[in-house]
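Residue numbers (this note's numbering), protein chains in the order written: chain A, 1 to 76; chain B, 1001 to 1076; chain C, 2001 to 2253; chain D, 3001 to 3253; chain E, 4001 to 4356; chain F, 5001 to 5356; chain G, 6001 to 6179; chain H, 7001 to 7179.
Built from N, CA and C at the ideal position, the CB exists for glycine as well.
Heads up, the thing below is written out as structure tokens.
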Amino acid sequence: MAKGRIIIDIERCKGCALCNSYCPVNILDLDITTTNLKGYTPLISTDPDKCIACGFCAIMCPDSVITVERFIKEAK
Amino acid sequence: MAKGRIIIDIERCKGCALCNSYCPVNILDLDITTTNLKGYTPLISTDPDKCIACGFCAIMCPDSVITVERFIKEAK
Amino acid sequence: MNNVKTVYKKSEGLTDKYMTYCPGCTHGVIHKIVAEVLVELDVLDRTIGISSVGCSVLNYDFFNCDMQQAAHGRAPAVATGIKRVRPNSIIFTYQGDGDLASIGIAEAIHAAHRGENITIVFVNNAIYGMTGGQMAPTTLIGQKTTTSPNGRDAKTQGLPLRIAEMMATIPGATYIERVSVHNPQHVRKAKKALMKAFTIQKENKGFTLIEFISTCPVNWGMTPKDAVDWAVDNMIPYYPLGVFKDATVGEEK
Amino acid sequence: MNNVKTVYKKSEGLTDKYMTYCPGCTHGVIHKIVAEVLVELDVLDRTIGISSVGCSVLNYDFFNCDMQQAAHGRAPAVATGIKRVRPNSIIFTYQGDGDLASIGIAEAIHAAHRGENITIVFVNNAIYGMTGGQMAPTTLIGQKTTTSPNGRDAKTQGLPLRIAEMMATIPGATYIERVSVHNPQHVRKAKKALMKAFTIQKENKGFTLIEFISTCPVNWGMTPKDAVDWAVDNMIPYYPLGVFKDATVGEEK
Amino acid sequence: MSKVLMKGNEAMALAAIKAGCEAFYGYPITPQNELPEYLSKHMALHGRVFVQAESEVAAINMVYGAAGAGARVLTSSSSPGIALKQEGISYMAGAELPAVIINVMRGGPGLGGIQPSQADYKQITRGGGNGDYYLYALAPETLQEAVDLIKEAFDIADYYRNPVMIAVDGLIGQMMEPVDLDREVPKWDLTPKTWVADGNRKNRERNVINSLYLDPNDLENHNLHLKEKFDDMRKNHQRYELVNMKNAEIAIVAYGSVSRIARTAIEILAEQGIKCGILRPITLFPYPKKAFHALPKTVKDLLVVEMSTGQMLEDVKLSNECHLPVHFFGRVGGIIPEAQEIVDKVLEIVGGEKHE
Amino acid sequence: MSKVLMKGNEAMALAAIKAGCEAFYGYPITPQNELPEYLSKHMALHGRVFVQAESEVAAINMVYGAAGAGARVLTSSSSPGIALKQEGISYMAGAELPAVIINVMRGGPGLGGIQPSQADYKQITRGGGNGDYYLYALAPETLQEAVDLIKEAFDIADYYRNPVMIAVDGLIGQMMEPVDLDREVPKWDLTPKTWVADGNRKNRERNVINSLYLDPNDLENHNLHLKEKFDDMRKNHQRYELVNMKNAEIAIVAYGSVSRIARTAIEILAEQGIKCGILRPITLFPYPKKAFHALPKTVKDLLVVEMSTGQMLEDVKLSNECHLPVHFFGRVGGIIPEAQEIVDKVLEIVGGEKHE
Amino acid sequence: MISEKVIIAGFGGQGVMLMGQLLSYTATAKELNTLWFPSYGPETRGGTANCSVTISETDVNSPVISTPDSIIIMNKPSLDKFQPKLRKDGHLFLNTSLVKDVKLRNDLNIYKIPANDIAMELGNLKVANMVMLGAYLEVTKVFDPESVLEVLKKKFTGSKATLIEINKKALEAGKQAVL
Amino acid sequence: MISEKVIIAGFGGQGVMLMGQLLSYTATAKELNTLWFPSYGPETRGGTANCSVTISETDVNSPVISTPDSIIIMNKPSLDKFQPKLRKDGHLFLNTSLVKDVKLRNDLNIYKIPANDIAMELGNLKVANMVMLGAYLEVTKVFDPESVLEVLKKKFTGSKATLIEINKKALEAGKQAVL
Ligand SMILES: Cc1ncc(C[n+]2csc(CCOP(=O)(O)OP(=O)(O)O)c2C)c(N)n1
Ligand SMILES: Cc1ncc(C[n+]2csc(CCOP(=O)(O)OP(=O)(O)O)c2C)c(N)n1
Ligand code: SF4
Ligand code: SF4
Ligand code: SF4
Ligand code: SF4
Ligand code: SF4
Ligand code: SF4
Ligand SMILES: [Mg+2]
Ligand SMILES: [Mg+2]
């Protein structure tokens, strides 16, 4: 089960592929099947379940495209 | 006997009294009895015979007022 | 949702405007951490940022605080002008290497010399990004630019200037550090440096400058990731990271 | 006369014009040794001096070589312009601390940065002489000037800039030394420094700068001798003499 | 209050303090040094800011910053120093920032000399910076007028959100005259500065000070907006003085210290039975075109007298619209014209043939 | 030689090389970057000097030095960069140093924008620096003319020992057109540069390059000497082109790229039976006053078209000496006027009532 | 008599500047008058880029094309910007690989070319511009493709020479697309 | 009606500027119009210094004195410079301690004051200027010495107050010198 998830603001993404390289579980790629309104190929998570919510991708994204949420285990 | 002598270009002298302080034999002073064309009180040697031609005064004079000559003992 | 905690989101220190930087340019990363620090120090409302001339010229649209746009190289003078009349404000300039190291070096030095209580965010990407990739004072030997088409040549173009090292010799400066944003760990370190700089300013302790090793994928002709790697392999060896001056040291202990 | 040897006379590197400096100002001493070195190196005929704006502005009348008068602070740029098109010439700028350290710091730094093969004669008298004694970046803490009437205050006016130390951090610079002319021994040392600098230039080895501790008896409000003593007691402790950079070292041995 | 004897540069400095000037940023240059020197002492006493900048370029950009933060701010310099400020001045006009700039003119071009001159007329009225802008430019002839105009200048700058230039010369900077520093001057109708970026953002949106408009449509609109301000100056705020114009047969056009010399000249001329008036521009921009319409019909010739090779001539010709022959007498390089020289020139004109 | 297709900035750069330009000192700024970029590559190939200066201020002072050492030297910039060079330009005029300065104009004031503009007209023709001086200023309309004038400009600069300004805009800098780089251009009668301070002192006294004259008498004489040069330019070297003036009822006054648009406009007008000519100043200083005297009697109106809010209007009024009504149409901020807009304006004038 | 005013517009990186330059180079080679003018500066970064090309046997006056005879449109924003300017009965060349579902004027000659798709088939997305150019040349007959190819050969020397073949194919494919 | 134009000239350091200022301060105290204008800048360094003072009941117009009513000459170069300008029958005050063997016009009122010698006798060379001023006031009657002394008292405060006495004596000595 995923420890968290990322939310990608597709319209802000410039498809620069900088974030990808920093994902420790290697689940980020560009979605070449689509372009956003600005003409860029946006980011997609290829396997969201693997996300460990480390935030590396978000920290490295120059355009604040990515929001990272951590799932909190309910106390007991 | 003097080891040498200084020649003072009186009209260039600004009477600043900088040179005086560096004379090791203390023979330099301003000649308060006169002023040059520019209105300055020029330098004078009070005891030329004592001059050792060290050049200190000349080196320190900002206005190249002083020429220093050393007397050369004739060979034999 | 109760069972979700947001661990990263766009900083409130940034506006919602679409940033005009090229894809993958680390200018954006630096913007984010500046914004985050201003928010975390709770000074956004009294901050005035100075945009300089370079790719970041439009960042008066991006930082969510009062902003003034300065003439090329003059941001530290503009900052001085403001800080002196509004000493309660928090002032930062955001300057590229063309802006600060070339045309604006006098203003940077003299802001430090006077000990102005401001923070300079200095973005060294070894090139003039905005104008299409000309040589900067920080361009590396051998690096090709549009005005060093055969690569920078020490003989005619000199050796690259090291700003942090030079500024560190200025008696009036309080804190000078060089950082990089090439991976998440360094982004965090860089943010810490900014935090330190702005804290010093907040405490009226004087002039601070943080130099950032940054990238220009477009004018370097590389992908963003390659650019970041190039910076690590080529820039950091010549521009070592670290604290070059910390006049708060003795005092803090 | 056969039995007389002239051991000191006015240098042929100087014209016969009456020098316009105030009585006892050490600008004159520095002029003399620059002139002597140019003569001794036999380069007067191919030398171009650059007069800057300050008390020494009129020295285009005093140095017995080709001269160009430069805008305030821009002498190193003018020198660059000339040297690049006339690489066989010997170029020196003669600049005060207002000229070089304040308005002209960018031009000085960038001439060094590019490694221009020129020599800067930098005259630090801790004040603006020409304009009547305003504060310079090199004015000492507590020193009274017409624009620091209560003495220079670190809080609002910063700590004095140390030019030799700062310029020594520039990778492109070859030789940087600080000297003084407060007694004959130091005048000789200073001349040696100039000799070294011009020799480096003659051998195309790059950028050299000699900083001189100098006096301004009139604006300091002292006799010339007191001024020299004041410089020794107050300036040299803050501006230590010595070689700050010598990139010819390894090579020469 | 009774009058005090003050040096021009110092009187102007004190006038700025009286006008509520909060900060001065400048760089030494003859013949205006007493101005910053006075302020270096007195600004602090009033809790205000004095900074000796590292250069004129830095100074004008400090002014830019402080003005953008809402402060009343002053800089001063002399001719070559003003040349260095041109980019910054253009930025201020572009970003619509108020400030007062005092130019104590000396001879040029280049380093030139340090004696009085009016050779910056073009630089002042036509702008040395890039783009479509003007400075509101005032040219006092006495220290009293200098003091009064400087006090008003801060209001004018704020009113128009544009830099105001005080154009004087070494004579006015260096002379001493008795002045009343507390004379009432017109107050302009000012609105609160809601546009400032001063980091005091309690109840407002963030503000931006800027002169960049990448979209040409925006920049055109901005330019047209600026032009409206300059047109308003032209329409509503020309200033001039007509002296001794009744039945005058010839009018001397002169400003600043030259107009004072002209006053002496017309006294001498009166003794010789020649009726000569003075048209004295007080604003160099907007140029007082209206003054030329106000000339009596008796005036048959105009004589422009300047300490320049004739830089104001074009404005006189444009304002005069080809009605009267325009003559010229000038001294340059720091030479101050003598009253008798002006008298001679007038005699030559009213006696001799007319020429352009 | 056959023509080659080149970008304006590059063609101008190559023209300078062809003119024997020995050194370029400049600083990047849009929209002229291709000029230094081209030279950074090609000057070295020709054994010449290219230096990217640390700033525009440094660049113009490098130019000063190289010119003082006798070299043919070039700098280029765009509007705010030209503002920064004003002190240096004034120094060059004062020290009588030749150089060519290319201004590829963009919108202002301040940072303004980067699109084509003619808003530096005042800065170029009235001098932004201090003192009594002018630049010889040339405004080509095509790349061919730009190339030809730049080649000649180096001669003109040497002839007058004064900087020459090439005034173009972003359009001319950025466009590509076929040009012949080897066309003959007029050669000026040049004397050897015996005045240079180049450190090559075999058979001459030492030389001094200087603009300082502390004695006002000397400075006045120097100014009068300079004035003679400017008067000579005015008298002997005005340049202009009259287009389609035969029986024209209205003349458009326009220079540089705007005159090209005017050419299209008059074609459209001709189709509508309106005879419209173009008076195209080629020298902005000296302003081609003679062209106005050469207008046919049929011309009843003048229409000034500029990419500014009307900076050339004053020169037109001064040259026209109140003979014809002067109308204006301008676009600013980087907006390029369309031919149809000019046509409409002409129609409004010839059809409708006349107004100033 | 040749007299052609064309605007070419698309994203930065689609090669629109080169397309225009090729036309102007060809015109120059044929000793025709021509003028190429680009959009420039940071506005082009990431955003749209365009250039105007005028080709004429008489002098080229206005460098600005108010009413183009043809427009070559490589992306959607460009269509919005330039379609309104195109003269009545003008030629609109549309890269339909990227410009879909748009409103088109009905007083124009419209040519729909899936240039990206064609280029992909040819094996190099980068030649989409040459596909469009091929179509443009075929319709307007301003120049024959051979003349353009001639210029291309002069420009593409050294390592780039290998690209000539695919460009040639692209021109041809463009031609076919509008035949 | 008071209307006086005087030029005071000498070496830098002889206190000529102060002399002129004292006259203008006194005029101001008496609510007269006045104008003081100095030579300025580096030309004054080491060389000559001078100032012009105009005092008038009507407006002071030209700040430049073309034809002075009086000149006070402290050294030789100043005599050469200003004697030719002095109006016919004008007053020439000459510091004969320093200005000797000179050609003087014969259409002037000439007052020879060995000011340096007198000042030396008083014990302070610096007050030579006040000696000259005393003479000037006595001859021209522009102000009485008391009014000038009043001003001096306001200017010389603190440590300088001790100097008032000797200045007073100098004024008086100057007066005696021309009686
Ligand atoms: C006075 C002036 N000179 C030059 C320019 C042109 N210019 C704009 S940005 C820039 C260089 C910016 O480079 P840098 O500071 O390194 O910023 P980057 O774009 O690399 O982030 C230049 C030279 C200008 N706008 N103003
Ligand atoms: C652009 C410009 N700004 C200011 C001045 C006025 N100015 C002349 S000399 C000088 C200062 C000189 O001081 P420094 O360089 O220390 O030389 P010093 O006289 O002390 O030897 C200044 C500010 C000027 N001439 N030009
Ligand atoms: S938060 Fe971490 S694990 Fe999740 S996608 Fe981003 S980098 Fe990968
Ligand atoms: S999410 Fe950010 S870093 Fe990742 S591709 Fe998109 S813009 Fe680039
Ligand atoms: S040479 Fe030496 S000993 Fe002789 S006077 Fe000079 S300092 Fe004295
Ligand atoms: S000789 Fe030189 S140092 Fe000695 S008093 Fe004269 S000027 Fe001064
Ligand atoms: S040009 Fe370079 S520095 Fe500028 S935004 Fe693009 S990638 Fe970043
Ligand atoms: S003012 Fe000072 S530095 Fe200048 S000449 Fe006089 S003493 Fe020397
Ligand atoms: Mg950069
Ligand atoms: Mg100094």
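Interface flag, residue i vs chain D, CB-CB below 8 Å
i: Ile2213(C); result: no
i: Asn4033(E); result: yes
i: Asp1049(B); result: no
Opening and closing residue of the alpha helix (DSSP H) in which residue i lies
i: Gly4256(E); result: 4256–4271
i: Cys1057(B); result: 1056–1060
i: Pro7114(H); result: Here Pro7114(H) belongs to no alpha helix (DSSP H), and DSSP marks it neither H nor E.
CA nearest to the CA of residue i, picked from the options
i: Val4233(E); options: Pro4031(E), Ala4069(E), Val4164(E); result: Rather than Val, the amino acid found at residue 4233(E) in this sequence is Met. With distances taken between Cα atoms, Met4233(E) lies closest to Val4164(E).
i: Lys6112(G); options: Ile6071(G), Lys6085(G), Val6016(G), Val6127(G); result: Ile6071(G)
i: Ile3120(D); options: Gly3221(D), Thr3174(D), Gly3132(D), Glu3203(D); result: Thr3174(D)
For residue i, the first and last residue of its enclosing beta strand (DSSP E)
i: Gly5330(F); result: 5326–5330
i: Lys4365(E); result: The requested residue 4365(E) is not part of the displayed model; chain E covers only 4001 to 4356.
i: Arg1005(B); result: 1004–1008
C-beta neighbour in chain F for residue i, strict 8 Å
i: Pro2149(C); result: yes
Beta carbon proximity, residue i to chain E, threshold 8 Å
i: Ile3103(D); result: yes
i: Tyr5255(F); result: no
i: Tyr3021(D); result: no
i: His2110(C); result: yes
Where residue i falls, given that 16 or more other Cβ within 10 Å makes a residue buried
i: Gln3185(D); result: exposed
i: Val4346(E); result: buried
i: Val6102(G); result: exposed
i: Ile5082(F); result: buried
C-beta atoms of residue i and residue j nearer than 8 Å
i: Ile6(A); j: Ser45(A); result: yes
i: Ala7170(H); j: Gly7123(H); result: no
i: Ser4077(E); j: Tyr4027(E); result: yes
i: Gly3098(D); j: Gly3054(D); result: yes
i: Leu7035(H); j: Val7148(H); result: no
Chain C within 8 Å of residue i, Cβ atoms only
i: Gln5052(F); result: yes
Contact with chain A by residue i, beta-carbon distance below 8 Å
i: Glu2252(C); result: Low local confidence applies: a pLDDT of 44 at Glu2252(C) is under 50, so the model's placement there is unreliable, with the coordinate-based value given in what follows. False, the Cβ-Cβ gap to chain A never drops below 8 Å.
Minimum Cβ-Cβ distance from residue i to chain H less than 8 Å
i: Ala4167(E); result: no
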